[in-house]
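Straight run, no breaks: the sequence shown in the working numbering ends on number 235.
C-beta atoms are modelled at their ideal positions from N, C-alpha and C, and glycine is treated no differently.
This report refers to the structure that appears directly beneath it.
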Amino acid sequence: MLSNSKPRSLLHTREITFQGYAREDGLWDIEGHLKDFKTNPFQTSAKVWQPGEAFHDMWVRVTLDKEFVIQDIEAVMDRHPHPECTAVLPPMDSLIGAQLGKGWRKTIDTHLGGIKSCTHLRELLTNLATAAFQSIPGAFFDPNGEKPPLYLGTCKAWDFDGPVVMRVYPQFYQWNKPKS
């Protein structure tokens, strides 16, 4: 928990959630949801938004196979500040066939960067990858295989030279280092 702050007034709240689902057909659905609220009325090109009224309410669902390849994608904007915002939904299909993993942010930028899409949908897609990795069981690691789980070496706790890898995956402790 954060320490107590100086006196202040809340201006804006952004809620982002991700959920992962196993489907009966062997695929996985990962859904992201983003909502924005303000505490004061504010004007956009379309209307005046009231305090507490969501002016962004957006969803993205990707359907993945066990290799994290996008089989299908759907994006919805239940609320958006400008009428033109929904024009970015059809280009989302350009991600079908793309793979979540190394280079995912670059893939998003290539297909949906700049004015081709929406900043907030790109933000959901970027972070949706982590939810996918948390949701899909066994996708990271074959216990009989020779390769480490994909998340090893991606943060301090999962450092190949660190104590967590030494305890949990001793076979990969100091993995890929030259043997002396």
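Self-check item: Inter-stretch contact (C-beta, 8 angstroms, three-pair minimum) for the stretch 121 to 131 and the stretch 149 to 168
Solution: Proximity of the stretch 121 to 131 to the stretch 149 to 168 meets the contact definition, three or more beta-carbon pairs being nearer than 8 angstroms.
Exercise. Locate the beta strand (DSSP E) running through Met132, then write down its first and last residues.
Key: As a working mapping, residue 132 is identified with position 77 in the sequence shown. Annotation: the continuous beta strand (DSSP E) that includes Met132 extends over 125 to 134.
Quiz item: Is the stretch 172 to 191 touching the stretch 56 to 66 in the sense that three or more CB pairs, one from each, lie closer than 8 angstroms?
Solution: Counting Cβ pairs under 8 angstroms, fewer than three are found: no touch.
Quiz prompt | Unbroken alpha helix (DSSP H) run spanning Thr181, endpoints | solution = In the sequence shown, residue 181 corresponds to position 126, counting from 1. Thr181 -> alpha helix (DSSP H) spans 174 to 190.
Quiz item: DSSP state of Gly169, grouped into three classes?
Solution: As a first step, residue 169 is located in the sequence shown; it is residue number 114 there, counting from the start. In this structure, Gly169 counts as helix in the three-state DSSP scheme.
Quiz item: Excluding the five sequence neighbours on either side, which residues of its own chain have a C-beta within less than 7 angstroms of the C-beta of His135, listed in chain order?
Solution: Translated into positions along the sequence shown, residue 135 becomes position 80. Counting only Cβ-Cβ distances below 7 angstroms, and skipping sequence neighbours, we find His111, Thr141.
Quiz item: The alpha helix (DSSP H) with Val238 in it runs from where to where?
Solution: The structure shown does not extend to residue 238, since the chain spans only 56 to 235, so no value can be given for it.
Quiz item: Relative to the ligand ZN, is the shortest distance from any of its heavy atoms to the C-beta of Leu150 smaller than 6 angstroms?
Solution: With respect to the ligand ZN, the structure offers nothing, as it holds no ligand at all.
Quiz prompt | Inter-stretch contact at 8 angstroms, needing at least 3 Cβ pairs: the stretch 179 to 189 / the stretch 86 to 95 | solution = The answer is yes - the stretch 86 to 95 touches the stretch 179 to 189, with three or more Cβ pairs under 8 angstroms.
Quiz item: According to DSSP, is Lys161 helix, strand or coil?
Solution: For this step, residue 161 is matched to residue 106 along the sequence shown. DSSP places Lys161 within a helical segment (H, G or I) once states are collapsed to three.
Quiz item: Between Asn182 and His166, what straight-line distance do the alpha-carbon atoms span, to the nearest angstrom?
Solution: Residue numbering aside, residue 182 sits at position 127 when the sequence shown is read from its first letter. Residue numbering aside, residue 166 sits at position 111 when the sequence shown is read from its first letter. Between Asn182 and His166, the alpha-carbon positions lie close to 16 angstroms from each other.
Self-check item: With 16 other Cβ atoms within 10 Å as the buried cut-off, status of Arg177
Solution: As a first step, residue 177 must be located in the sequence shown, where it is residue number 122. Here Arg177 is buried: its Cβ has 16 or more other Cβ atoms, across all protein chains shown, within 10 Å.
Quiz item: In the DSSP assignment, what residue or residues form a beta bridge with Tyr76?
Solution: Position 21 of the sequence shown holds residue 76. In DSSP, Tyr76 forms a bridge with Asp84.
Practice problem: Using alpha carbons as the reference points, say which of Val115, Gly81, Lys157 lies closest to Lys121. | Solution: Numbered from 1 along the sequence shown, position 66 holds the residue referred to as residue 121. Of the candidates Val115, Gly81, Lys157, the one whose C-alpha sits nearest the C-alpha of Lys121 is Gly81.
Quiz prompt | For Thr72, the nearest candidate out of Leu66, Asp91, Asn199 (CA to CA) | solution = If you number the sequence shown from 1, residue 72 lands on position 17. Nearest C-alpha to Thr72: Asp91.
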